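Undergrad: Here the numbering used here is used: the first residue of the sequence shown is 23, the next is one more, and so on.
We put the beta carbon where it would ideally sit given N, CA and C, even for glycine.
Remember, it's a predicted structure, so these values are computed and weren't measured experimentally.
A single structure is presented below for examination.
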Amino acid sequence: MTIIVTGGAGFIGSNFIFYMLKANPDCRIVCLDKLTYAGNLSTLASVMKKPNFRFVKADICDREAVDRLFAEEKPDVVVNFAAESHVDRSIEDPGIFLETNILGTQVLMDACRKYNVKRFHQVSTDEVYGDLPLDRPDLFFTETTPIHTSSPYSASKASADLLVMAYHRTYGLPVTISRCSNNYGPYQFPEKLIPLMIANALNDKPLPVYGEGLNVRDWLYVEDHCKAIDLILRGGKIGEVYNIGGHNEMRNIDIVKLICKELGKPETLITHVTDRKGHDMRYAIDPTKIHAELGWLPETKFADGIVKTIRWYLANRPWWEEIVSGEYQNYYRKMYETR
Ligand code: NAD
Ligand code: TDX
């Protein structure tokens, strides 16, 4: 079985590759990644020499390159992680989000049709459902919650989801979609909340919390997400959407305080800055369907996962220090200096 994993040099895609090579040693994984600012080849160093792994640098929007790879590899399955993934960047410059997240998905699905791929799995997000109010803790996103997006990022992911369903209905492409809540764990790019706060705290830099920090996210350890996708590939129903989330809602401010405590840093580092435009208040997934149909349950408790994650960033300083000392500095200045 050959699986093309797009975006495998990024955070979740790389963790998925590690998971799959361990859980399914008979499968061959081909990683297709453009190596944007968010992709990092050093992340894949431990698997680069494996005989059942291949890395190909290419853009999912590049029809010729994608066609060539599919012709060579004749994949059984394609899992699409490749995306522009950061909400704040989408607010600054939406264009590339529409190109990669929507048109890139189309290019991949056209190749899947041409080469009779048995499954195209789209890695989507809970952000396609918009947000929930803080005063209604009884409400959760189910797979039938209407799409209602807030940011150019979430609008591009929702557009891709609609296109995936259209390819299923119109052309009979065998698709599945998963919509997961916020992930955390090793190899997450330090533009996202948890690694940004860990890196800043370790450097005794201010911890920029948007607004009051009362926004709620539903955090899932990345390996639990990878396991859920593996289960969907094995037993998920064609044409179906599966929500993935572990009922672990936390306010941003509480996460940042927890990171300070774990690292022995003072809460005086916390700085409240101007809020994100259109900032979603609360995400909360109802994972009943994937639990009932595929038996999935999250295995890592947040209390353990966050400690593991902090220890990983402590033990792998060169990985993130190389990132934050490069082009990232311009990004950080632009996004935070006058905020
Ligand atoms: P990431 O930004 O860490 O990684 C994205 C990867 O895609 C990078 O390796 C990048 O080089 C690659 N890429 C970008 N554009 C490309 C292109 N045109 N062609 C080929 N490769 C390209 O993202 P992530 O956090 O790992 O997210 C992976 C997927 O999971 C995304 O589709 C995202 O929408 C989704 N998702 C993320 C989360 C989360 O909490 N991070 C939650 C739910 C869903
Ligand atoms: O510096 C910060 N300060 C801050 O208060 C950053 C980077 C974030 N935040 C807040 C904004 C959000 O309420 O923390 C929360 C989490 O922010 P992000 O890490 O940017 O994640 P989010 O916007 O929730 O989106 C994430 O989850 C869904 C991923 O980036 C998406 O790819 C995924 O689809």
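(1) Can you confirm whether the region 134 to 143 touches the region 95 to 104 when touching is taken to mean that 3 or more C-beta pairs between the two stretches lie within less than 8 Å?
(2) Please classify Pro340 as buried or exposed, where buried requires at least 16 neighbouring CB atoms within 10 angstroms.
(3) Contact between the region 325 to 345 and the region 249 to 258 is defined here as three or more beta-carbon pairs at a separation below 8 Å; is this criterion met?
(4) Looking at the secondary structure, which residues open and close the alpha helix (DSSP H) in which Cys282 lies?
(5) Taking the continuous beta strand (DSSP E) assigned at Lys79, which residues delimit it?
(6) To the nearest angstrom, report how far apart Lys249 and Tyr41 are at their CA atoms.
(7) Which ranges would you report for the alpha helix (DSSP H) in the region 61 to 127 if only whole runs of at least 4 residues count?
(8) Sort Glu344, Asp297 and Asp115 by Cα distance to Thr360 and report the nearest one.
(9) Indicate whether the contact test is met: 3 or more Cβ pairs, each with one atom in the region 284 to 304 and one in the region 142 to 154, closer than 8 Å.
(10) Taking the alpha helix (DSSP H) that Leu43 falls in, what are its first and last residues?
(11) How far does the beta strand (DSSP E) with Glu321 in it extend, from its first residue to its last?
(12) Whole-angstrom Cβ separation of Pro320 and Gly258, contact assumed at under 8 Å?
(13) For the candidate residues Val238, Val231 and Tyr264, whose alpha-carbon lies nearest to that of Val247?
(14) Any idea if Ile260 is buried or exposed, counting beta-carbon neighbours within 10 angstroms, 16 or more meaning buried?
(15) Sorry if obvious, but does the Cβ on Thr58 come closer than 6 Å to a heavy atom of the ligand TDX?
(16) If you measure from the CB of Glu262, is any heavy atom of the ligand TDX nearer than 6 Å?
(17) Start and end of the alpha helix (DSSP H) containing Asn265?
(18) Helix, strand or coil: how does DSSP classify Thr166 here?
(19) Taking the CB atoms as reference points, tell me whether Pro174 and Ser112 lie closer together than 7 Å.
(20) Evaluate Val186 with the Cβ neighbour count: other Cβ atoms within 10 Å of its Cβ, from every protein chain shown; 16 or more gives buried, anything less gives exposed.
(21) From Leu72 to Thr122, what does the alpha carbon distance come to, in whole angstroms?
(22) Pop quiz: Ile220 and Ile281 are said to be a contact at Cβ under 8 Å. What is the actual Cβ separation, rounded to whole angstroms?
(23) Have a look at Ala104, Ile124 and Thr198 and flag the residue whose alpha-carbon is nearest the alpha-carbon of Arg141.
(24) Does DSSP put Tyr305 in a helix, a strand or coil?
(25) Look at the Cβ atom of Ile332, then the Cβ atom of Glu284, and state whether they are nearer than 7 Å.
(26) Identify whether His294 lies in helix, strand or coil by the three-state DSSP scheme.
(27) With DSSP run on the structure shown, which of helix, strand or coil describes Leu195?
(28) Does the region 28 to 46 touch the region 312 to 319, meaning 3 or more C-beta pairs lie closer than 8 Å?
(29) Would you identify the three-state DSSP class for Leu156, choosing helix, strand or coil?
(30) Determine the closest residue to Ile275 out of Pro288, Phe77 and Val238, with distance taken between C-alpha atoms.
(31) Determine contact between the region 226 to 246 and the region 55 to 70, defined as no fewer than three beta-carbon pairs at a distance below 8 Å.
(32) Quick one: measure Cβ to Cβ for Tyr209 and Ser36, integer angstroms, because I've assumed they're closer than 8 Å.
(33) Below 6 Å, is the gap between the Cβ of Tyr232 and the nearest heavy atom of the ligand TDX?
TA: The answer reads as follows:
(1) Segments in contact, yes.
(2) With fewer than 16 other beta carbons inside 10 angstroms of its own, Pro340 counts as exposed.
(3) No, the region 325 to 345 is not in contact with the region 249 to 258.
(4) For Cys282, the enclosing alpha helix (DSSP H) starts and ends at Asn274 to Leu285.
(5) For Lys79, the enclosing beta strand (DSSP E) has its first and last residue at Phe75 to Lys79.
(6) Just so you know, the alpha carbons of Lys249 and Tyr41 end up roughly 8 Å apart.
(7) Within the region 61 to 127, the complete alpha helix (DSSP H) runs of at least 4 residues are 85 to 95, 109 to 114 and 117 to 120.
(8) Comparing Cα-Cα distances from Thr360 to each of Glu344, Asp297 and Asp115, the minimum goes to Asp297.
(9) A contact exists between the region 284 to 304 and the region 142 to 154.
(10) Under the DSSP assignment, Leu43 falls in the alpha helix (DSSP H) whose first and last residues are Phe33 to Ala45.
(11) Segment: none, Glu321 is in no beta strand (DSSP E) and carries neither H nor E.
(12) Between Pro320 and Gly258, the beta carbon gap of about 17 Å keeps them out of contact (Cβ cut-off 8 Å).
(13) In the sequence on display, residue 247 carries His and not Val. Across the set Val238, Val231 and Tyr264, the C-alpha of Tyr264 shows the shortest separation from the C-alpha of His247.
(14) Ile260 comes out exposed.
(15) Thr58 has its CB no nearer than 6 Å to any heavy atom of the ligand TDX.
(16) Closer than 6 Å to some heavy atom of the ligand TDX: that does not describe the Cβ of Glu262.
(17) The continuous stretches of alpha helix (DSSP H) do not include Asn265, which lies in the beta strand (DSSP E) extending over residues Glu262 to Ile266.
(18) DSSP, reduced to helix, strand and coil, places Thr166 outside both helices and strands of the structure shown, so it counts as coil.
(19) Inclusion of Pro174 and Ser112 in the CB contact set at 7 Å is warranted, their separation being smaller than that value.
(20) Flag for Val186 reads buried.
(21) The question names Leu, but residue 72 in the sequence shown is Lys. Answer to the nearest angstrom: the Cα atoms are 29 Å apart.
(22) Going by Cβ atoms, the distance from Ile220 to Ile281 rounds to 6 Å, so yes, they are a contact pair.
(23) Shortest Cα-Cα distance from Arg141 to any of Ala104, Ile124 and Thr198 involves Thr198.
(24) DSSP places Tyr305 outside both helix and strand once states are collapsed to three, so it counts as coil.
(25) Yes.
(26) Assigned with DSSP and collapsed to three states, His294 falls in strand.
(27) Assigned with DSSP and collapsed to three states, Leu195 falls in coil, not helix or strand.
(28) No, the region 312 to 319 is not in contact with the region 28 to 46.
(29) Here Leu156 sits in coil by DSSP.
(30) The residue with the shortest Cα to Cα distance from Ile275 is Val238.
(31) No, the region 226 to 246 is not in contact with the region 55 to 70.
(32) So it is a contact: roughly 5 Å between Cβ atoms.
(33) The answer is yes for Tyr232.
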